[in-house]
Amino acid sequence: MSDAKYLKGSCQHCDNHIEFPAEAAGSVVDCPHCGNHVRLVAPATPITKSDTPVSPDLAPRKSSRLIALSGILGALIFLVVLVIGWFMWKHRQTTTTPVAPAVVATGSNEASSTATVPGPETNAISNPTVINKKAKSISDLTVGEIKLEKTKGSSLVYATGTLKNDSDYQRFGVRLELDILNANGKNLGTAQDYITVIEPRHDWQFRALVVDSKATSAKVHSIKEEE
1 MSDAKYLKGS CQHCDNHIEF PAEAAGSVVD CPHCGNHVRL VAPATPITKS
51 DTPVSPDLAP RKSSRLIALS GILGALIFLV VLVIGWFMWK HRQTTTTPVA
101 PAVVATGSNE ASSTATVPGP ETNAISNPTV INKKAKSISD LTVGEIKLEK
151 TKGSSLVYAT GTLKNDSDYQ RFGVRLELDI LNANGKNLGT AQDYITVIEP
201 RHDWQFRALV VDSKATSAKV HSIKEEE
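Following the UniProt record's numbering, the numbering of the sequence shown begins with 1 at its first residue and continues without gaps.
Below you can see the structure in the form of structure tokens.
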């Protein structure tokens with residue numbers, strides 16, 4: 001393997017680099033780039049064809065950089081762990097601290113809510129409508145004034161009036177029977193009317209057919225209700 005040293009120079013005409021053996025320095029040669037005559041007077045920069053050895057100072061520099069980076073990284077990790085530990089400690093202190101006022105407030109709310117909720121007996125007493133509701137009776141069905149009315153354009157006569165339901169109940173199958181009287185008060189027979197249902201506190205306008213032409217008045221004979 002040759003140990004010849006080479007120098008680098010540049011052409012004075014085209015400025016391109018020329019590499020030549022050290023012993024050729026000072027000689028005039030043709031430039032391999034532009035072809036002009038050039039004197040080989042470049043500064044001496046020895047070059048060997050063998051691999052250039054690595055400077056022994058590079059290894060310590062690299063190791064010192066690694067040590068510095070490792071120290072910085074370790075400090076950052078320690079700081080992060082310290083911050084996380086502090087937050088966990090604060091959270092644990094907050095969750096384990098007893099809150100006495102909340103317990104007292106809850107008890108007072110329960111006591112007040114218990115005191116304001118009435119029992120079944122209180123509801124029953126405060127609703128007199130349910131307790132004092134009057135029982136259903138036939139006397140709740142009352143009849144007002146009764147008139148005999150002749151139909152216009154016809155010879156038919158009807159006994160008309162109003163029957164009132166003065167109760168809080170529906171009345172089903174109510175039948176009204178009337179006594180038909182003449183001018184002397186003699187009973188000439190009866191007339192009837194029927195209704196399926198009367199709502200509570202409602203009236204029924206009845207209309208009973210009178211078949212005797214001598215009738216002058218009518219009165220209630222009976223009021224019946226289906227059970």
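The beta-carbon is built from N, C-alpha and C at its ideal position, and this holds for glycine as well.
Bear in mind the structure is a predicted one, so any value in this text is a computation, not a measurement.
Item to check | Reference His33; option with closest CA among Cys14, Leu69, Lys224 | outcome: Cys14
Next on the checklist: With distance defined between alpha-carbon atoms, name the residue in Phe87, Ala75, Glu149, Thr95 nearest to Asp212.
Outcome noted: Measuring from the Cα of Asp212, the nearest candidate turns out to be Glu149.
Item to check | Between the CA atoms of Val157 and Val210 - distance to the nearest angstrom | outcome: 5 Å
Next on the checklist: Suppose only complete runs of 4+ residues qualify. What are the alpha helix (DSSP H) ranges in the segment 64-90, listed by chain order?
Outcome noted: none
Checklist entry - Cβ-heavy atom distance between Gly173 and the ligand NAP below 6 Å? => result The ligand NAP is not part of the structure shown, which contains no ligands of any sort.
Item to check | Cβ-based neighbour list, Arg175, same chain, cut-off 7 Å, excluding 5 preceding and 5 following | outcome: Gln192, Tyr194, Lys224
Checklist entry - Should Ala135 be labelled buried (16 or more other beta-carbon atoms within 10 Å of its own) or exposed? => result Ala135 should be labelled exposed.
Next on the checklist: What does DSSP give as the partner residue(s) for Val37 in the beta ladder?
Outcome noted: For the record, residue 37 in the displayed sequence is His; it is not Val. In DSSP, His37 forms a bridge with Asp30.
Next on the checklist: I need the boundaries of the beta strand (DSSP E) containing Ala208, first residue and last residue.
Outcome noted: 203-210
Item to check | Contact under 7 Å by Cβ, Ala22 with Leu7 | outcome: yes
Checklist entry - From this set, Leu163, Val220, Asp140, which residue's C-alpha is nearest Asp179's C-alpha? => result Nearest neighbour of Asp179 by Cα position, chosen from Leu163, Val220, Asp140, turns out to be Val220.
Checklist entry - Would you call Ala24 buried or exposed, if buried means 16 or more other Cβ atoms sit within 10 Å of its Cβ? => result exposed
Checklist entry - Is it buried or exposed for Asn36, if we count other Cβ within 10 angstroms and need 16 for buried? => result With fewer than 16 Cβ atoms within 10 Å of its Cβ, Asn36 is classed as exposed.
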